[in-house]
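This report refers to the structure that appears directly beneath it.
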Amino acid sequence: MQKDSGPLVPIHWIGFGYAALVASGGIIGYAKAGSVPSLAAGLLFGGLAGLGAYQLSQDPRNIWVFLATSGTLAGIMGMRFYHSGKFMPAGLIAGASLLMVAKLGISLFNRPHQS
Numbered sequence: 490m491q492k493d494s495g496p497l498v499p500i501h502w503i504g505f506g507y508a509a510l511v512a513s514g515g516i517i518g519y520a521k522a523g524s525v526p527s528l529a530a531g532l533l534f535g536g537l538a539g540l541g542a543y544q545l546s547q548d549p550r551n552i553w554v555f556l557a558t559s560g561t562l563a564g565i566m567g568m569r570f571y572h573s574g575k576f577m578p579a580g581l582i583a584g585a586s587l588l589m590v591a592k593l594g595i596s597l598f599n600r601p602h603q604s
């Protein structure tokens, strides 16, 4: 019987990439438009996503910071995308956040049950 080695890419590595995407979005928003709120929000949410990914790498059951961060961003940026209709940056971050929420939810339900 072959042992399942888990996913091809551990979810925390995807999470670190997501955190970098969010933080770089804030930096780019500041560089292009001089938006200090964009910089602050990007670094705050990017840092929280990075913290969540780090916690996930230490304990795969500890998804709550990461789930709350990506869920909040999915909601906020989803509303901005809905009202503006512009894919960049709101649609991109909303889509990536929604994918992260879905991935975390799937990993939550596929985890082995403890008895």
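Using our numbering, the letters of the sequence shown correspond one by one to residues 490 to 604.
Where a beta carbon is used, it is the ideal one built from N, C-alpha and C, also for glycine.
This one's a predicted model, so the numbers in the text were calculated from it and none came from an experiment.
Original post:
Of all the alpha helix (DSSP H) runs that stay within the bounds of the stretch 553 to 599, which reach a length of 4 or more residues?
Top reply: 553 to 573 and 581 to 598
Original post:
Quick one: what does DSSP say V511 is sitting in, helix, strand or coil?
Top reply: Working through the sequence shown from its first residue, we reach residue 511 at position 22. The answer is helix: DSSP assigns V511 an H, G or I state.
Original post:
Looking only at its own chain, which residues have a Cβ that is under 7 Å from the Cβ of A585, when we skip the five neighbours before and after it?
Top reply: Working through the sequence shown from its first residue, we reach residue 585 at position 96. Within the same chain, A585 has close Cβ partners Y507 and L510.
Original post:
Measuring CA to CA, which of A579, W502 and L593 is closest to A530?
Top reply: Numbered from 1 along the sequence shown, position 41 holds the residue referred to as residue 530. The shortest C-alpha separation from A530 is found at A579.
Subject >> Cβ pair G514, G536 closer than 9 Å >> reply: Locating residue 514 in the sequence shown gives position 25, counting from the first residue. Locating residue 536 in the sequence shown gives position 47, counting from the first residue. No, the pair does not count as a contact, with Cβ atoms beyond the cut-off.
Subject >> P499, DSSP secondary structure in three states >> reply: In the sequence shown, residue 499 corresponds to position 10, counting from 1. DSSP places P499 in coil when its eight states are reduced to three.
Original post:
Hey, F555 and G504 are a contact pair by Cβ (cut 8 Å); roughly how many whole angstroms apart?
Top reply: As a first step, residue 555 must be located in the sequence shown, where it is residue number 66. As a first step, residue 504 must be located in the sequence shown, where it is residue number 15. Rounded, the Cβ-Cβ distance is 6 Å, consistent with contact.
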